[in-house]
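Asks: Going left to right, the sequence shown walks through residues 645 to 838 as this note's numbering numbers them. Ideal Cβ placement from N, Cα and C applies to all residues, glycine included. Have a look at this one before I ask anything.
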Amino acid sequence: MKTLSLLRRHRGFAAIGMVAVALLVAACGSAAKSASTAAVGANAGDVSSSSSLTIGTAHGSAGTYLVGAGNRAIYLWVADSKNMSHCSGACASIWPPVTTHATPHPGAGVHASALGTITGSGGAKQVTYDGHPLYYYAGDSHAGSTTGQGSDSFGAKWWLVSSSGTAITAHNTPAGSSTAATSGGSTGSSSTGY
Numbered sequence: 645m646k647t648l649s650l651l652r653r654h655r656g657f658a659a660i661g662m663v664a665v666a667l668l669v670a671a672c673g674s675a676a677k678s679a680s681t682a683a684v685g686a687n688a689g690d691v692s693s694s695s696s697l698t699i700g701t702a703h704g705s706a707g708t709y710l711v712g713a714g715n716r717a718i719y720l721w722v723a724d725s726k727n728m729s730h731c732s733g734a735c736a737s738i739w740p741p742v743t744t745h746a747t748p749h750p751g752a753g754v755h756a757s758a759l760g761t762i763t764g765s766g767g768a769k770q771v772t773y774d775g776h777p778l779y780y781y782a783g784d785s786h787a788g789s790t791t792g793q794g795s796d797s798f799g800a801k802w803w804l805v806s807s808s809g810t811a812i813t814a815h816n817t818p819a820g821s822s823t824a825a826t827s828g829g830s831t832g833s834s835s836t837g838y
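Structure, rendered in structure tokens:
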């Protein structure tokens with residue numbers, strides 16, 4: 645009888661131990677998934693609903709251009725219309741829209757009156773500047789990278805955006821050459837026609 649009682653007690657402890665291990669593994673998996681989701685959101689330009697996106701400026705050899713989350717370069721696409729994005733599907737996977745859950749805030753050198761939002765595909769709020777829907781480039785691996793500058797992907801040009809809201813049409817800025825800027829202005833910029 646004593647042996648049977650001890651065996652049952654050990655099985656009970658083993659079962660409790662397995663449940664504890666399962667709960668620990670589930671908690672760790674959930675935390676890893678949350679961290680992964682946050683990283684993907686940051687790469688896509690999305691911010692949490694508890695924080696707001698600040699649009700700032702950086703300076704590179706092409707001039708002063710807009711930057712968003714993580715000081716990533718921001719682009720406009722000449723195929724878009726004023727306050728209307730025409731980039732979705734495969735285009736949006738390479739050129740993720742700059743999105744926000746709250747009103748975007750202007751950083752140094754950015755005009756608050758030029759910032760706005762439109763409702764993009766899936767109901768996301770895409771940030772606009774002077775009516776231009778804004779995008780990141782998936783090929784920009786770090787802050788200061790502007791490898792999307794002058795790209796012709798999806799049938800039209802992609803340009804960095806000046807603090808005045810015009811396209812900077814100077815050719816590619818070497819990756820990593822830009823630094824944070826605190827004032828507006830740009831060189832080699834032109835209007836996109838709207």
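For my contact list, GLY809 and TYR773 are in at a C-beta cut-off of 8 Å; report their separation, rounded to the angstrom.
Replies: Rounded, the Cβ-Cβ distance is 5 Å, consistent with contact.
Asks: Can GLY751 and THR701 be called in contact, C-beta distance under 8 Å?
Replies: The answer is yes: Cβ separation under 8 Å.
Asks: Using the C-alpha atoms, what's the distance from VAL742 back to GLY685?
Replies: The pLDDT assigned to GLY685 is 38, lower than 50, so where the model puts this residue is not dependable, and the model offers no usable value.
Asks: Three Cβ pairs or more, each shorter than 8 Å: is that satisfied between the stretch 798-807 and the stretch 710-726?
Replies: Yes, they touch.
Asks: For chain C, is any of its Cβ atoms less than 8 Å away from the one on TRP802?
Replies: Among the chains of the structure shown, chain C does not appear; only one protein chain is present.
Asks: Using 10 angstroms around the beta-carbon of SER757, count the other beta-carbons present and answer buried if the total reaches 16, otherwise exposed.
Replies: Per the 10 Å Cβ criterion, exposed.
Asks: For VAL771, which option in ALA787, ILE812, ILE738, THR744 has the closest C-alpha, if you only look at C-alpha atoms?
Replies: Among ALA787, ILE812, ILE738, THR744, the Cα nearest to that of VAL771 belongs to THR744.
Asks: Specify, as a first and last residue, the run of the beta strand (DSSP E) that ALA702 falls within.
Replies: Per DSSP, ALA702 belongs to the beta strand (DSSP E) from 698-704.
Asks: Any idea what DSSP makes of ALA717, helix, strand or coil?
Replies: In the structure shown, ALA717 sits in a strand (DSSP, three-state: E or B).
Asks: Flag this pair as yes or no: are the beta carbons of HIS749 and SER705 separated by less than 8 Å?
Replies: Not a contact, by the Cβ cut-off of 8 Å.
Asks: Look up PRO748 in the DSSP assignment and give the residues it is bridged to.
Replies: PRO748 pairs with nothing; no bridge assigned.
Asks: If we ignore side chains and look at the alpha-carbon of each, how far apart do LEU710 and GLY788 end up?
Replies: So the two alpha carbons sit approximately 11 Å from each other.
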